[in-house]
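Protein chains in written order, with my numbering: chain A, 70 to 190; chain B, 11 to 720.
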Amino acid sequence: MPKTIMTVDDSSSVRQMVGMTLKGAGFTVVEAVDGVDGLNKAKASNMDMIITDLNMPNMDGIALITALRTLPNYKFTPIVMLTTESQATRKQEGKTAGATGWIVKPFKPEQLLEVVKKVLG
Amino acid sequence: MNVEIDTSAFTEEAYELLSELEDSLLELEAAPQDQELISRVFRAMHTIKGSGAMFGFDAVAEFTHEVETVFDMARNGTIPVTKPLIDLTLAARDQIRAMLDAAAGGGEPADQNNANRIIAGLRALSPEKKSGGGGGHAAGHGAPAGKPQAQTPDTNEPHIFRIRFTPNPDIFSSGTNPLLLLNELRELGDCRVVARTEKLPDFDDLDAEVCYTGWEIFLTAEIGENAIRDVFIFVEDECDINIRLLDRDQVMRDREESKKLGQILLERGDVNSNELEKALLPLGDRLVQAGVVTPDKVRAALTEQLVIQEKHDKKKTAETATSVRVPSDKLDSLVDLVGELVTMQARLNQTASSIGDHTLQLIAEEVERLTAELRDNTMSIRMLTIDTTFNKFKRLVRDLSTELGKEIELITAGGETELDKTVIDQLNDPLVHIIRNSIDHGVESPEIRRAHGKNPVGKITLAAIHSGASVLIRVEDDGAGLDAQRLRAKGIEKGLLSPDDELTEKEAFQLIFAAGFSTAAKITNVSGRGVGMDVVRRSIEGLRGSIDVNSVLGKGTTITLKLPLTLAIIEGLLVMVEGEYFVLPLAAVEECVELSREDVEKAHGRHVINVRGEIIPYIRIRSRFEIGGSPPEIEQIVISEVDEKRIGFVVDKVVGQHQTVIKTLGKNFQHSEEFSGATILGNGGVALILDLTKMVRYVEEEENRELDVP
Numbered sequence: 070m071p072k073t074i075m076t077v078d079d080s081s082s083v084r085q086m087v088g089m090t091l092k093g094a095g096f097t098v099v100e101a102v103d104g105v106d107g108l109n110k111a112k113a114s115n116m117d118m119i120i121t122d123l124n125m126p127n128m129d130g131i132a133l134i135t136a137l138r139t140l141p142n143y144k145f146t147p148i149v150m151l152t153t154e155s156q157a158t159r160k161q162e163g164k165t166a167g168a169t170g171w172i173v174k175p176f177k178p179e180q181l182l183e184v185v186k187k188v189l190g
Numbered sequence: 011m012n013v014e015i016d017t018s019a020f021t022e023e024a025y026e027l028l029s030e031l032e033d034s035l036l037e038l039e040a041a042p043q044d045q046e047l048i049s050r051v052f053r054a055m056h057t058i059k060g061s062g063a064m065f066g067f068d069a070v071a072e073f074t075h076e077v078e079t080v081f082d083m084a085r086n087g088t089i090p091v092t093k094p095l096i097d098l099t100l101a102a103r104d105q106i107r108a109m110l111d112a113a114a115g116g117g118e119p120a121d122q123n124n125a126n127r128i129i130a131g132l133r134a135l136s137p138e139k140k141s142g143g144g145g146g147h148a149a150g151h152g153a154p155a156g157k158p159q160a161q162t163p164d165t166n167e168p169h170i171f172r173i174r175f176t177p178n179p180d181i182f183s184s185g186t187n188p189l190l191l192l193n194e195l196r197e198l199g200d201c202r203v204v205a206r207t208e209k210l211p212d213f214d215d216l217d218a219e220v221c222y223t224g225w226e227i228f229l230t231a232e233i234g235e236n237a238i239r240d241v242f243i244f245v246e247d248e249c250d251i252n253i254r255l256l257d258r259d260q261v262m263r264d265r266e267e268s269k270k271l272g273q274i275l276l277e278r279g280d281v282n283s284n285e286l287e288k289a290l291l292p293l294g295d296r297l298v299q300a301g302v303v304t305p306d307k308v309r310a311a312l313t314e315q316l317v318i319q320e321k322h323d324k325k326k327t328a329e330t331a332t333s334v335r336v337p338s339d340k341l342d343s344l345v346d347l348v349g350e351l352v353t354m355q356a357r358l359n360q361t362a363s364s365i366g367d368h369t370l371q372l373i374a375e376e377v378e379r380l381t382a383e384l385r386d387n388t389m390s391i392r393m394l395t396i397d398t399t400f401n402k403f404k405r406l407v408r409d410l411s412t413e414l415g416k417e418i419e420l421i422t423a424g425g426e427t428e429l430d431k432t433v434i435d436q437l438n439d440p441l442v443h444i445i446r447n448s449i450d451h452g453v454e455s456p457e458i459r460r461a462h463g464k465n466p467v468g469k470i471t472l473a474a475i476h477s478g479a480s481v482l483i484r485v486e487d488d489g490a491g492l493d494a495q496r497l498r499a500k501g502i503e504k505g506l507l508s509p510d511d512e513l514t515e516k517e518a519f520q521l522i523f524a525a526g527f528s529t530a531a532k533i534t535n536v537s538g539r540g541v542g543m544d545v546v547r548r549s550i551e552g553l554r555g556s557i558d559v560n561s562v563l564g565k566g567t568t569i570t571l572k573l574p575l576t577l578a579i580i581e582g583l584l585v586m587v588e589g590e591y592f593v594l595p596l597a598a599v600e601e602c603v604e605l606s607r608e609d610v611e612k613a614h615g616r617h618v619i620n621v622r623g624e625i626i627p628y629i630r631i632r633s634r635f636e637i638g639g640s641p642p643e644i645e646q647i648v649i650s651e652v653d654e655k656r657i658g659f660v661v662d663k664v665v666g667q668h669q670t671v672i673k674t675l676g677k678n679f680q681h682s683e684e685f686s687g688a689t690i691l692g693n694g695g696v697a698l699i700l701d702l703t704k705m706v707r708y709v710e711e712e713e714n715r716e717l718d719v720p
């Protein structure tokens, strides 16, 4: 049974890139357009891993991570955030909120898969 | 990772060449007119230059190029061999040695001023610098003076790291699985993990969401500390990580000292052995008893000790293994003796069975088993896989193609093919020459390739395959191919053939093997001045092998080396025709089937037989060697693989497997090429060993001739 990974991003091109890379590696991919959408979809079904952008309308990535960690199902689920180099402080915020790790944008598909492998095994 | 192995392969070869060079130079001093000696010096320089460039010893290559240039003039008779030339060349030889020593980390940095002096001296000997070709070459190469040994060898010695990884108790809440991090470490190298569970509470107090465990990891890997830090990049703030590089030598010294202490105390009578033994209770046990450390900590420390010890042992074994060097003539005489033993054992078997004494037969069988084992062992000492040789060329292709602005991919196949050590050793130089030629003259530059609609990345394939009792090594490039017209013109220009000579394309290709033949218009650092292919052919023929070239203009060139498995002993299949014995190499034999009169009639005079639907041609040994007599009612066909085709050989009787000790045929029989030798049978008789490939080739040629006659 393939593992399900949710990508949360308001940019459709990032969602597409992440989605195609992960599907190519054999994962099932769920897309969400912002934090609210992501939280609803996470509640509706069980994700094995979540990759979320930080800057998003409605609910940003940090808030999403904080909210997810309060759900029993997502207490220990790997959550990786997408950051840019200039967002060092946000990286720390994300870690405090309960993020497992981060991927620095821009990134290559291989780097994404490396991180997925690192946190998902 | 392979860099270190590669480098030592070159330095070893270079040291050998340098010591030969010294001998040659001293001989040359006594006989300055000896062309063969001059050529030998030139060739040694040429090889050092070529291999040096390939292994990244640029300084050595550039320096050597200067010496080679002068000796090229001596070879052409442009300048005489004088004492100053020999003095300078000897000094140059010492300089190259110093450069190699320095690069290998075993000596003082080579003195660049000395190198410059030698080069200046050599250049002063050349009458006109322009025509030297190589004279201005090194100068155009940039200034190596500042860094004579940019070549400090990469010490890719594996390190042992001790990593103490103690996650914070709440690490799980960030979605991190520490076991995955351990797995990641395992991918870096050899990993021993000891879990530290001293913080683990009683079961009733256990909180499943808290991480109580810590780990000590002993990692042996050729990596730096940063690679380990990268593994923990996401969890740096949520755990305690302590990485230490364990210095093996320090640990080993410490241990030896403490061992001595006990001995000294004992010798001095300060303690008796009972007291000492008590004190020498495993230290860990004593510390645990004293409540100083937990058993987990002791376990971790013991693992540390073990890992270091293992590495030490491994290194020691490796050192011992590489230092067992036996002169090859000793090995040869061992093989000879085993050969004699095998022959003698066959006689023993025969005698035992003819006497019919049961006890004697048992002994003979036991001796047979031992002899076979001894033979296999002796042979395996000499057999090596060819992949190490192949791997060496990856660097050559990479560096030389970069230097020439070409993009070339090297593909190797059949690296597991085994060959006799002597063959492999002597194969290196010829292959270097062939591959260098492919890179330099064969594969075109990316622009030209694109213009011809080819993939801009050129391809060189290096493959080894077994073919019967031979090994074929094929070097194939997809380059420009050989131009028969140009080769012919060049041959006429060089005086190798007269303008009236008619040449087939194949014959024109053969010209590349002629001495002093080089079609490259300009002399480059890479493939030099045409010492290549003639030397290649001579070396291959020296191994009783053959070399063949095939080429399609614009498509590429294939050079095939055919090497016999020059083993002194082979497994053979003994067959008989009219009381005469013959041996076929068993490696080539696929099956034996019967040939009845009916089968022969069904074929309507053609020499073919239908074996399970496959039509297989056959050769009659009886008629081939004009043995006479009449064949039995039912003959036997030994079906063998020859040049990747299945061919049958018809005999009266298949006797069975025979351990064949190859004896070379005397001079009188040197033209009997259909036999690769002879062997002595248990009854003292002689059997000829058939060279199936040559036999098939002759028969085919004869048939073609018959077809040509109208």
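Every residue, glycine too, gets a C-beta built ideally from N, C-alpha and C.
Bear in mind that the values here come from a model prediction, so they are computed numbers and not experimental data.
**OP:** Quick one: which unbroken alpha helix (DSSP H) runs of 4-plus residues sit fully inside the region 96–135 of chain A? Chain order, please.
**Re:** 104–113
Original post:
CB-CB under 7 Å to B:A461, same chain, minus the five flanking residues each way: which ones, in chain order?
Top reply: Residue mapping note: residue 461 of chain B aligns to position 451 of the second sequence, counting from 1. If we look at B:A461 and ignore the five residues flanking it on each side, it has no Cβ neighbours.
Original post:
Quick one: Cα of A:T135 to Cα of B:T398, how far?
Top reply: Numbered from its first residue, the first sequence carries residue 135 of chain A at position 66. Numbered from its first residue, the second sequence carries residue 398 of chain B at position 388. Their backbone Cα atoms lie some 56 Å apart in a straight line.
Original post:
Which same chain residues, not among the five before or five after B:V51, have their C-beta less than 6 Å away from its C-beta?
Top reply: As a position in the second sequence, residue 51 of chain B is number 41, starting the count at 1. Only S34, F81 meet the Cβ criterion.
Original post:
Span of the beta strand (DSSP E) holding B:R196?
Top reply: Your numbering for residue 196 of chain B matches position 186 in the second sequence. Where B:R196 is concerned, there is no enclosing beta strand (DSSP E), although the alpha helix (DSSP H) it sits in stretches over 188–198.
Original post:
What whole-angstrom Cβ distance do A:L151 and A:M128 have, given they're in contact under 8 Å?
Top reply: Here residue 151 of chain A refers to the residue found at position 82 of the first sequence. Here residue 128 of chain A refers to the residue found at position 59 of the first sequence. Rounded, the Cβ-Cβ distance is 15 Å, inconsistent with contact.
**OP:** With DSSP as the reference, please indicate the residues paired to B:L482 in a beta bridge.
**Re:** Looking up residue 482 of chain B in the second sequence gives position 472. In the DSSP output, where bridge partners are listed per residue, B:L482 has B:I475, B:K572.
Original post:
What residues of chain A sit near B:F244, judged by a beta carbon separation below 7 Å?
Top reply: Position 234 of the second sequence, counted from the first residue, corresponds to residue 244 of chain B. The answer, in chain order, is T169, G170.
Original post:
What residues from chain A crowd round B:N193, counting only those whose CB sits closer than 8 Å?
Top reply: Taking the first residue of the second sequence as 1, we reach residue 193 of chain B at position 183. Result: G190.
Original post:
Within 10 angstroms of its Cβ, does B:S338 collect 16 or more other Cβ (buried), or is it exposed?
Top reply: For this step, residue 338 of chain B is matched to residue 328 along the second sequence. Looking at its Cβ environment, which holds fewer than 16 other Cβ atoms inside 10 Å, B:S338 is exposed.
**OP:** Check the Cβ-Cβ distances between B:L190 and every residue of chain A, and say whether any is below 7 Å.
**Re:** The sequence position of residue 190 of chain B within the second sequence is 180, counting from 1. At least one chain A Cβ lies under 7 Å of B:L190.
**OP:** Would you grab the beta carbon distance between B:I647 and B:F659 for me? Rounded to a whole angstrom, and I think it's under 8 Å.
**Re:** Residue numbering aside, residue 647 of chain B sits at position 637 when the second sequence is read from its first letter. Residue numbering aside, residue 659 of chain B sits at position 649 when the second sequence is read from its first letter. 7 Å between Cβ atoms; contact.
Original post:
Under a CB-based cut-off of 7 Å, is B:F175 close to chain A?
Top reply: Here residue 175 of chain B refers to the residue found at position 165 when the second sequence is read from its first residue. By this cut-off, B:F175 is not an interface position.
Subject >> Any 3 or more C-beta pairs closer than 8 Å across the region 65–75 of chain B and the region 32–49 of chain B >> reply: no
**OP:** Please confirm if the region 548–564 of chain B is in contact with the region 476–492 of chain B, defined as three or more CB-CB distances below 8 Å between the two stretches.
**Re:** yes
Original post:
Enumerated in chain order, which unbroken segments of the beta strand (DSSP E) with a length of 3 residues or greater are wholly contained in the region 375–427 of chain B?
Top reply: 393–395, 418–423
**OP:** Out of A:L137, A:T73, A:V83, A:L140, state which residue places its alpha-carbon closest to the alpha-carbon of A:K92.
**Re:** Indexing the first sequence from 1 puts residue 92 of chain A at position 23. Comparing Cα positions, the closest option is A:T73.
Subject >> Distance between A:A101 and A:V77 (C-alpha atoms, nearest Å) >> reply: For the purposes of this step, residue 77 of chain A is identified with residue 8 of the first sequence, where counting begins at 1. For the purposes of this step, residue 101 of chain A is identified with residue 32 of the first sequence, where counting begins at 1. When rounded, the distance between both Cα atoms is 5 Å.
Original post:
Does B:G185 get closer than 7 Å to chain A when you measure Cβ to Cβ?
Top reply: As a working note, residue 185 of chain B is residue 175 in the second sequence. So yes, B:G185 belongs to the interface.
**OP:** Taking all protein chains shown into account, decide if B:A148 is buried (16 or more other Cβ within 10 angstroms of its Cβ) or exposed.
**Re:** Here residue 148 of chain B refers to the residue found at position 138 of the second sequence. Here the model assigns B:A148 a pLDDT of 37, short of 50, so the residue's position is not dependable, and the following value carries that caveat. B:A148 is buried by the Cβ-count criterion.
Original post:
Looking only at DSSP bridge pairs, what is B:K469 linked to?
Top reply: Start at 1 with the first residue of the second sequence, and residue 469 of chain B comes out as number 459. B:K469 pairs with B:E419.
Subject >> Option in B:H681, B:H668, B:L100, B:E712 with minimal Cα separation from B:V696 >> reply: Position 686 of the second sequence, counted from the start, is the residue given in the question as residue 696 of chain B. The residue with the shortest Cα to Cα distance from B:V696 is B:H668.
Subject >> N- and C-terminal bounds of the beta strand (DSSP E) containing B:I522 >> reply: Along the second sequence, read from residue 1 onward, the residue named residue 522 of chain B stands at position 512. Premise fails: B:I522 is in no beta strand (DSSP E) and is neither H nor E.
**OP:** Could you tell me whether the Cβ atoms of B:Q176 and B:F228 are closer together than 7 Å?
**Re:** Taking the second sequence and counting its residues from 1, one reaches residue 176 of chain B at position 166. Taking the second sequence and counting its residues from 1, one reaches residue 228 of chain B at position 218. The question names Gln, but residue 176 of chain B in the sequence shown is Thr. Cβ distance not < 7 Å, so B:T176 and B:F228 don't count as in contact.
Subject >> Interface flag, B:P163 vs chain A, CB-CB below 7 Å >> reply: In the second sequence, the residue the question calls residue 163 of chain B occupies position 153. With a pLDDT of only 35 at B:P163, under the threshold of 50, the placement of this residue in the model should not be trusted, and no figure is reported.
Original post:
What are the residues of the region 119–148 of chain A that lie near chain B, defined by any Cβ-Cβ distance shorter than 8 Å?
Top reply: R138, K144, F145, T146, P147, I148
Original post:
Is B:A310 buried or exposed, if buried means 16 or more other CB atoms sit within 10 Å of its CB?
Top reply: Stepping through the second sequence from its first residue, residue 310 of chain B is reached at position 300. Buried is the call here.
**OP:** Take the Cβ of B:F679 as the centre, count every other Cβ of all protein chains shown within 10 Å, and call the residue buried at 16 or more, exposed below.
**Re:** Taking the first residue of the second sequence as position 1, residue 679 of chain B is located at position 669. Flag for B:F679 reads exposed.
Original post:
Going straight from the alpha carbon of B:G505 to that of B:A84, what length do you get?
Top reply: What you label residue 505 of chain B is simply residue 495 of the second sequence in a count that begins at 1. What you label residue 84 of chain B is simply residue 74 of the second sequence in a count that begins at 1. C-alpha separation (whole angstroms): 21 Å.
Original post:
The alpha helix (DSSP H) with B:L497 in it runs from where to where?
Top reply: What you label residue 497 of chain B is simply residue 487 of the second sequence in a count that begins at 1. First-last of the alpha helix (DSSP H) with B:L497: 494–503.
Original post:
Where B:F403 and B:G468 are concerned, what is the direct C-alpha to C-alpha distance, given to the nearest angstrom?
Top reply: To locate residue 403 of chain B, count along the second sequence from 1; it is residue 393. To locate residue 468 of chain B, count along the second sequence from 1; it is residue 458. For B:F403 and B:G468, the distance between alpha carbons rounds to 15 Å.
**OP:** Let me know if B:H368 comes out buried or exposed under the rule of 16 or more other beta-carbons within 10 Å of its beta-carbon.
**Re:** Within the second sequence, residue 368 of chain B is the residue found at index 358, counting from 1. So B:H368 ends up on the exposed side.
Original post:
What are the start and end residues of the alpha helix (DSSP H) that includes A:K92?
Top reply: Mapped onto the first sequence, residue 92 of chain A falls at position 23. Looking at the DSSP string, the run of the alpha helix (DSSP H) that includes A:K92 is 81–93.
**OP:** Quick one: residues in its chain with C-beta nearer than 6 Å to the C-beta of B:A155, no 5 flanking neighbours on either side, listed in chain order?
**Re:** As a first step, residue 155 of chain B is located in the second sequence; it is residue number 145 there, counting from the start. Because the pLDDT at B:A155 is just 36, under 50, the model does not fix this residue reliably, and the value given afterwards should be weighed accordingly. Excluding positions up to five away in sequence, the list reads Q122.
**OP:** Look up B:P337 in the DSSP assignment and say whether it is helix, strand or coil.
**Re:** Position 327 of the second sequence holds residue 337 of chain B. DSSP places B:P337 in coil when its eight states are reduced to three.
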